[in-house]
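**Student:** I'd like to ask you about the structure that follows.
Number of protein chains: 2
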Amino acid sequence: MSPVKVFGSAAFTNVARVLVCLEEVGAEYEVVEVDFHDMEHKGPEHLARNPFGQVPAFQDGDLMLFQSRAISRYVLRKYRTPDDGTNLLRDGDLQGSALVDAWLDVEALQYEPAVHAVFVQHRVVPALGGTPDEKAIGENVEKLRKVLEVYEARLGERRYLAGDAVSLADLSHFPYTHYFMGMPYAAVFDAFPRVRAWWQDLVARPAVRKVAAMMDGRSG
Amino acid sequence: MSPVKVFGSAAFTNVARVLVCLEEVGAEYEVVEVDFHDMEHKGPEHLARNPFGQVPAFQDGDLMLFQSRAISRYVLRKYRTPDDGTNLLRDGDLQGSALVDAWLDVEALQYEPAVHAVFVQHRVVPALGGTPDEKAIGENVEKLRKVLEVYEARLGERRYLAGDAVSLADLSHFPYTHYFMGMPYAAVFDAFPRVRAWWQDLVARPAVRKVAAMMDGRSG
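Those sequence lines, one after another, are chains A and B.
In this text, residue positions in the first sequence follow our numbering: the first is 1, and each later residue adds one.
In this text, residue positions in the second sequence follow our numbering: the first is 1001, and each later residue adds one.
Structure follows, in structure tokens:
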């Protein structure tokens, strides 16, 4: 039995973020499904794990944790294999870790809100029988375009967002971008060749490919 | 001349967050105003500091940084006085730092969006000659109430959100809550006595009092 449990399925982007980190460091873990149809996420057992009734929740022995980026930081701090050469948080490097923090906040507070809003209109609203709000989609694709302009300039200076090696700041973009690339609005990336090359780089990583398959129900 | 520069004025909540951290650790710093009326924030000099044209931007010698929570982490990591007893990030404590990360993400992704939306409708929209959207205000006060319910339960187990000592996760709530407490909607806090006690505790801190005065134009 693995001491590490992730509550929630890989199809949720916030769960997939944590799974990518676990796969990157080669940690053993167990995925425990939470039954949303049965309202299990709002039941007392799950609320004890995540007081907001969301996924993921995370357990490592005595420690219960929630919020996907906080869990990701914890996983990378505790389980990183020292000999793999990749310090995905730049722990112990004052300036390097500050840049990872900055670009991770950009992902959480500037990139994800735009992509999330498009996802909700394009996928969630029709699934609930509604009509997508095309104006909201257009506004958020435009917000995303402005963020990608900044990324394109940044990736001209550095191979990855926080420096010349991959970090959590890059990997954290994966789950929502994976879905976005399957939508008609993905064309907004066409004008940004360095961003596209960065994305190809990310999806070539074994950990990312494995979690992509889990998200799409092809394995896991 | 101080090596540490904060670009942007204390009246901006994201700037105030950084200033509280600098004051908590007693670091020397200089505040450099950015002239928004003159569009200085979208000029090449400021964009080199913050590619999104926002405040704060931050300089410490060679390092340029942006995103207020990333700057706050950096300040607390670099300048914390070891003998003051307060490790506001729980650096070096795997579980403790994970809890600070989790509750800081709650502040950024659950608390602030609700308070921000109310602030925009109540303060920004009328200042631009518009009429506040009362429905949006009501929805976001309700979102805030649900977050405060979780806080009230949490503060029954622990004196502060991430444990028994204050952390960045608590302090990060200060700037927006300072403004919110001056609005008629502040009554939503009345039902949560532990949250009110926690707030009184925070605003009694000398660093917080000093930055509150700077935000209100009473000094600084």
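Glycine is no exception: its CB is placed at the ideal position from the N, C-alpha and C atoms.
Arg1017 of chain B touches chain A at which residues, Cβ-Cβ below 7 Å?
**Tutor:** Ordered by position in chain A, no residue passes the 7 Å Cβ test against Arg1017 of chain B, which lies about 12 Å from the chain.
**Student:** For Asp1060 of chain B, report the span of its alpha helix (DSSP H) as first-last.
**Tutor:** Premise fails: Asp1060 of chain B lies in the beta strand (DSSP E), 1057-1060, not in any alpha helix (DSSP H).
**Student:** When you compare only the Cα positions, how much space is there between Leu1088 of chain B and Leu1076 of chain B?
**Tutor:** Going from the Cα of Leu1088 of chain B to the Cα of Leu1076 of chain B covers about 7 Å.
**Student:** Could you check the C-alpha separation between Gly8 of chain A and Cys21 of chain A for me, to the nearest Å?
**Tutor:** Roughly 15 Å separates the two Cα atoms.
**Student:** So, Val25 of chain A versus Lys5 of chain A, is the Cβ gap smaller than 7 Å?
**Tutor:** Their beta carbons are not under 7 Å apart, which means Val25 of chain A does not touch Lys5 of chain A by this criterion.
**Student:** Between Arg13 of chain A and the rest of its own chain, which residues show a CB-CB distance below 6 Å, the 5 nearest in sequence each way excluded?
**Tutor:** The amino acid occupying residue 13 of chain A in the given sequence is Thr; Arg does not appear at that position. So the list reads Pro175, Tyr176, once near-sequence residues are dropped.
**Student:** Extract the residue ranges of the beta strand (DSSP E) inside the segment 23-62 of chain A, only unbroken runs of 3 or more that lie entirely within it.
**Tutor:** Runs of the beta strand (DSSP E) inside the segment 23-62 of chain A: 30-32, 57-60.
**Student:** Indicate the three-state DSSP secondary structure (helix, strand or coil) for Gly182 of chain A in the structure shown.
**Tutor:** Note: Gly182 of chain A maps to coil in three-state DSSP.
**Student:** When the distance is taken between beta carbons, is Ala70 of chain A closer than 7 Å to Asp1101 of chain B?
**Tutor:** Yes, they are a contact pair.
**Student:** If we define contact as Cβ-Cβ less than 7 Å, is Gln67 of chain A a contact residue for chain B?
**Tutor:** So, interface residue.
**Student:** Starting from the beta carbon of Pro51 of chain A, find every residue of chain B whose beta carbon is closer than 8 Å, and list them in chain order.
**Tutor:** Ordered by position in chain B, the residues that pass the 8 Å Cβ test against Pro51 of chain A are Val1150, Ala1153, Arg1154.
**Student:** As an exercise, report each continuous alpha helix (DSSP H) stretch of at least 4 residues that is fully enclosed by the segment 1106-1188 of chain B, in chain order.
**Tutor:** Segments of the alpha helix (DSSP H) lying fully in the segment 1106-1188 of chain B: 1112-1119, 1134-1157, 1168-1171, 1174-1180.
**Student:** Look up Leu1076 of chain B in the DSSP assignment and say whether it is helix, strand or coil.
**Tutor:** Helix.
**Student:** Which residue from B:Ala1213, B:Arg1123, B:Met1064 puts its Cα closest to that of Leu94 of chain A?
**Tutor:** Closest by alpha carbon: B:Met1064.
**Student:** For Arg209 of chain A, does the count of other Cβ atoms within 10 angstroms reach 16, so buried, or fall short, so exposed?
**Tutor:** Arg209 of chain A should be labelled exposed.
**Student:** Pull out every residue of the segment 74-105 of chain A whose Cβ sits closer than 7 Å to any Cβ of chain B, in chain order.
**Tutor:** Those residues of the segment 74-105 of chain A that come within reach of chain B (Cβ to Cβ, closer than 7 Å) are Tyr74, Arg77, Lys78, Leu94, Gln95, Ala98, Asp101, Ala102, Asp105.
**Student:** Which of helix, strand or coil does DSSP assign to Leu1089 of chain B?
**Tutor:** Coil.
**Student:** Starting from the beta carbon of Gln1200 of chain B, find every residue of chain A whose beta carbon is closer than 8 Å, and list them in chain order.
**Tutor:** Simply none; closest approach about 23 Å.
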